[in-house]
Amino acid sequence: MRRHIPATACGIGLVFLAAFPLVYGASDYDYIMHLWITAFFYAILASSWSLLAGYAGQFSFGHMAFMALGAYTTGLFNNYFYLTSAATGTCFEIPLGSWYFVVLDPIGVSASPYSCLDAARDAWTVDVTITKPSLWFGILFGILVGGLFGWLIGRLVLRLRAAYLALFTLGFSEILRAILSAEIGVTRGQAGLELDPLFPDGVSILGASFDATDKLPTYYVMFALLLACIALMMRLERSRFGLFVRSLREDEDAAAALGVHTVRYKLYTFVVTSMIAAAAGAVQAHYIGIITPNILIILQMALVVAMAVVGGLESIVAAAVGGVVVYFLLEFLRNDFTIGAVSIDMTIWRLVFFGAIVMLTLRFQRNGLLYAFIMWCTRAGVAQETVAKRAAAQQPPGKE
Amino acid sequence: MEHSIIFWPVVLWMIAWGVVGSVVTPRVFLRRDMDISNASLAGAFVGAASGPFGLAPLWYLAPKSTRGWVLLSAAGALAILIAAFALADPDNVCVTNGSLVASQVANGLVMGTIYALMAMGLTLIFSILRVVNFAHGEFYMVGGMSVYYVSAVWLPEMPPAAAVLVACGITFVIGGAFERLFLTPMYDGRVERPIEYAVLVTFGLVFFLQYFVQALAGASPVKAQRFFDFPIIRLPSAEDPWLIKTSKANLQLFDTVSVSNPRFTAAVISVLVLLGLLFFLYRTWWGKALRAVSQDRQAAAVAGIDPNKMNMLAFALGGMLAGLSGAVLVQAFSWVPQVGMLPALRSFVIVVLGGLGSLPGAFIGGIIVGMVEAAGTGCIPDPQRAASYIPAYGMLILTLTLLLKPTGLFGRRE
Amino acid sequence: MKILTRTAVIATGIVALAASAPALAVDCPVKLGGIAPLSAPGAVTGGEAQRMGMQIAVEAINAGGGVLGCEVELVMGDTEGLPEKGTALFEKLISQDNVAGIAGGYHSSVGIAGKEVAHDKGVPVIFASTWNDQITATKLPEVFRVAPLSSEASALYWKFAASIPGTEKVVIVTENTDYGIPAAEETEKGLESVGLASTTFAVDIGTQDFSGIVQRVNAEGPDAIIVLLTGEASFNFQQQAAENGIGPGDLPFVCDILAAESASFWENVPDGNYCFVGQFGLPEALYNDAAKAFAATYKERTGKEAVESYAIEAYDAIGLLAAAIQQAGSTDGAAIIAALEAIEYDGALGTVSFPYGQGNDTAAAGVEDKFWHQFLDPALMIFQYQEEGQKAGDAPIVFPDTYKTGDAVFVNQ
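Line order of the protein sequences matches chains X, F and V. By numbering that gives the first Met the number 0, the letter at position 387 of the first sequence is numbered 386, and the numbering carries on one by one without gaps. By numbering that gives the first Met the number 0, the letter at position 149 of the second sequence is numbered 148, and the numbering carries on one by one without gaps. By numbering that gives the first Met the number 0, the letter at position 138 of the third sequence is numbered 137, and the numbering carries on one by one without gaps.
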């Protein structure tokens, strides 16, 4: 029976999560929904990182950089591109039929921003319609940029072995952070780039209408993205591709000798996981509404790594669940608690405990807490079976 | 950059011929049955420095072309870049202000030496354990914090040199204890993928140490007093001290080079420690044993060296070197628990640049990164970008190097 | 759940009525949200000071009987200095902890992002140390501020620089953030208006080694330097400048406000004598009784030598919220806002009021939008350390003339 526990748990979990926003009705609804959406975001990152690191054996510390690329691409798209029905004459613009595709000049962080579009608006005497291209194009664009950079960085690190790869990708991430915070005229640096909400004009689902700030639509978007990413990765994992990728991890040289095109598959994994990270980043950026270069500080990367580790690097689903569990754990650890006479201020000790948990998990449950549980379930009965088979094989043939 | 019309074509020309050199040279060498591990790098240098005029003889005379030639080309390429820059931007402070350049070079050397010390710790650990210590920056931070607490809070009477020794002791013990507690499962095959395991477990240590120190010490910036003040020296005469002029906090040589007191002290201590480290590694039994293990584990074990002990020693020693560089810099910079992040990243760049596991590589890498950072902050025309991109300068050099030589400058193929 | 609570409330109300106590339908305790950066990458030093200020305020209120017959409870939250964490925190405080109002705040970017959430939920927020003009200039009904405006603070700096005799060229060293860049721009504009040349160097907040920048600043040949960096970066720059001969001891040098924390300043910038420091809020000599009482408790708890302006502001922000709730007679957002607009609160900062708001629109009153719900009289002044190891409270105030207690020493004269 134990064998069915993981599948049953997954099923129950899915039904629970799908129904949750409709059923839950306490006063902290918005806050709990916020926690779930963010937890899904981390789950996507942790599971895609586990595919890259655990499955393909490429310990990239640049995963958050791809997430940030997705977020900033859609953020810049959202802030700089407009459609107008008349020429501005002040901005860079491309005519598209009766519309003009307008690119703004850098916003900067000055106290009173005045863009070329504002100048045009003041100059226009007729009514001009100004709209933004749909932000879904921005998100799509973000995913593509993530993929493109995934390909470039993937090509660069192909020839590097484990430790070099980890260090190089960490450096890449740090350069990107430096660029985002230094090019303040374009990205607004530490001041943060503001983005429209995912559904700027609200949305109506099955007759019920929701505001731009309502969490329910975003919840389902992020949830769907999580499921889609996991489905995609599991498909990859179970295909011939998965077999090849695993062979790369186990012994790259042997795999190459057997005719597996190691370079192509490594690169392919890198690109796919980068795109997934970029997608998560792009959607989350619109949800939060503001992004800063700090989304890719080393601490954030460490968080994703810790999630995958606690969940279990060997399994995509386990890593995703790890993401959710660790995120909620971190939120839970914000509450102070008292043991006997010692009261512990968790704003101070939270991350100390967190570091200790990561180290101890690795030391004593190397495959992650969840993965160990899954293995315990699926291996149920295997031992008896083996014993039975052996017993059958050892029976002296003459007896029958 | 008013005259960018000179600069960018020169750079493009160098890049183009560098690419040609790096792509074609390995093929030429391969055809002549030569070692190609350095071919891309050599080809790129020669191509960038002298274009087709250098590449043609390099390929033609292939087996006879020497290392000296390549080094000369590298210097040549650098000289051309500098000349093009000077011509393109004649008003740049780096071109007009000799004293600034001299001070920046001195500062680059001073900081480079300290960076090198820290990176050597990292590379020492790697050469023995095949492990990258991600918590290296936290050892640096703990080293500085220990000096502050010993010399300013707990025992204000204690001489600074003794405080540095205490810091060394603390980081040595933390390193050793961590290795015993968390890295031992790697050695007996209980961990499937040891390198990755180590990466992750040291990552956990980053969190633990950083926030543990913050919980204990708080987040206010602290700083140790200068270890000693300069005596006031005026040479050759008090009226015209063009040779050496000192104030309490600053040393000026030849009226141009200016080095601040804390950095000067830090560099002097670093050089002494480097010499001590060399003596330890080459003249003592333990040092020789360490090197033996790094060269061939099995053979060393056969010769009666316990590799287990060497693992612990290497990790503790590596952590101590990071702690030491923190300990000497805590009098130069304000110290907070997050202070280790940037130096750690810099150490990573340095060791990969020099080749993981290579001590001379770490030293030369340290100096290169120190100089590149000094040049970058001093010379980039836009002051905002100059200061913001400090972490990126080293990375740029690193990316180029890895493209041309995936094992770093002095790394070995494994 | 909801019905239960309501029954409970009604029941309490009845009991209260029966006891002829003030009949107010308020859940006890009254919860107030406190926000501050308490972990990196936020400015933790500032955040800890604010937290202490708010805690002392809550204790004082409870010692005086609380508000509306209830204890006041402070729910602290960590913004980490990140706008995205800030919005999440506002979300949590309002919808999970059900706070009646929010006080505090340090990083402007957090304030800019968080104010939208407060606006969305109709919960009042009093910002204590977020200077960016935009925060009040957007004229949200829920947003109040007791901290100075960034443009006013910049004006103090450039007017002071203009008053230094013999100054022609000023170098501004700032950080590339939403605090530093606009502040530097405003200062430059002001300097230009009085005919002074200036150059700005903007650096990344994580910078530790400033030697290259110091050399470049030196090469500019400045007559005065203004530092607009925050956190340990300001200490690092000031000390490294001093070590290279362009420090406070060599030319008029305006240090960052963090220098007002004198013990920490002298430890980190031992060569920082003759530094000019901006002070926002009254000097200790001019403290009223509220401020004196607070300062005594604060110094005792933290062991610090002086009280930083952001701690006082945070202290008053909590006090204001509590007073407004008391006056409004309920924890309803709109009622508290109405009470705040009408308030005359005697706090540690002096008498705090918000003259421009929904009743008296900035446009109608003919003032700039940035004065919306803005405390108009945060005292701004500059003092100068004139002895090594001097306490901030003992250092003479040298600018402007209204507050002057001593003459400035210009070291290059």
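All residues carry an ideal CB built from backbone N, CA and C; glycine is no exception. Keep in mind it's a predicted model, so treat the numbers as computed, not measured.
Collapsed DSSP secondary structure at residue i in the structure displayed
i: G280 (chain V); result: coil
i: A22 (chain V); result: Summary for A22 (chain V): the model assigns pLDDT 41, below 50, so the residue's position carries little reliability, and this model does not support an answer.
i: E173 (chain X); result: helix
i: F80 (chain X); result: strand
i: P8 (chain F); result: helix
i: N249 (chain F); result: strand
i: T88 (chain X); result: Note that residue 88 (chain X) is Gly in the sequence shown, not Thr. Note: G88 (chain X) maps to coil in three-state DSSP.
i: C378 (chain F); result: helix
i: L379 (chain V); result: strand
i: W357 (chain F); result: The sequence as given places Ser at residue 357 (chain F); Trp does not occur at that position. In the structure shown, S357 (chain F) sits in coil (DSSP, three-state: anything other than H, G, I, E or B).
i: L192 (chain X); result: strand
i: C115 (chain X); result: helix
i: C93 (chain F); result: helix
i: K303 (chain V); result: coil
8 Å Cβ cutoff, residue i in contact with chain X
i: A87 (chain V); result: yes
i: S207 (chain V); result: Reading off the sequence shown, one finds Gln at residue 207 (chain V), where the question assumed Ser. With 8 Å as the cut-off, Q207 (chain V) does not count as an interface residue toward chain X.
i: S21 (chain F); result: no
i: I194 (chain F); result: yes
i: P390 (chain F); result: yes
i: A154 (chain V); result: no
Proximity test, Cβ basis, 8 Å: residue i and chain V
i: D213 (chain X); result: no
i: F253 (chain F); result: no
i: H33 (chain X); result: yes
i: K222 (chain F); result: yes
i: P235 (chain F); result: no
First through last residue of the beta strand (DSSP E) which encompasses residue i
i: P94 (chain X); result: F91 to L95
i: S257 (chain F); result: V256 to S259
is_contact[residue i, chain F] using C-beta, thresh 8 Å
i: P221 (chain V); result: no
i: P269 (chain V); result: yes
i: F19 (chain X); result: no
Residues bridged to residue i (per DSSP)
i: W157 (chain V); result: Its beta-bridge partners do not exist; DSSP assigns none.
i: I342 (chain V); result: Bridge partners of I342 (chain V): none, in fact.
i: Q283 (chain X); result: Paired residue(s): none; Q283 (chain X) is not in a bridge.
i: D77 (chain V); result: V:A35
i: F143 (chain V); result: V:I125
i: I101 (chain V); result: V:G32 and V:V124
i: T173 (chain V); result: V:A201 and V:L227
i: C69 (chain V); result: V:V66
Nearest residue (CA-CA) to residue i, options the options
i: K390 (chain V); options: V:K303, V:L227 and V:I224; result: V:K303
i: I59 (chain V); options: V:A327, V:A334, V:L319 and V:I335; result: According to the sequence displayed, residue 59 (chain V) carries Ala and not Ile. With distances taken between Cα atoms, A59 (chain V) lies closest to V:L319.
i: L348 (chain V); options: V:E266, V:I311, V:I342 and V:Q238; result: V:I311
i: F236 (chain V); options: F:P235, F:S333, F:S72 and F:R26; result: F:S333
i: F417 (chain F); options: F:V329, F:A386 and F:G377; result: Because chain F here runs from 0 to 413, residue 417 (chain F) falls outside it and cannot be looked at.
i: V66 (chain V); options: V:E386, V:A289, V:I125 and V:A321; result: V:A321
i: F275 (chain V); options: V:V397, V:E70, V:E83 and V:P147; result: V:V397
i: I113 (chain F); options: F:V152, F:S346 and F:F52; result: F:S346
i: L31 (chain V); options: V:E299, V:R50 and V:T44; result: V:R50
Short CB-CB distance (under 8 Å) between residue i and chain B
i: A214 (chain F); result: In summary, chain B is missing from the structure at hand, where the protein chains are X, F and V.
Boundaries (first-last residue) of the alpha helix (DSSP H) holding residue i
i: F347 (chain F); result: M340 to G353
i: Q237 (chain V); result: E231 to E242
i: V268 (chain V); result: Where V268 (chain V) is concerned, there is no enclosing alpha helix (DSSP H), given that its DSSP letter is neither H nor E.
i: F206 (chain F); result: P193 to A216
i: G184 (chain X); result: I183 to T186
i: T361 (chain V); result: T361 to A364
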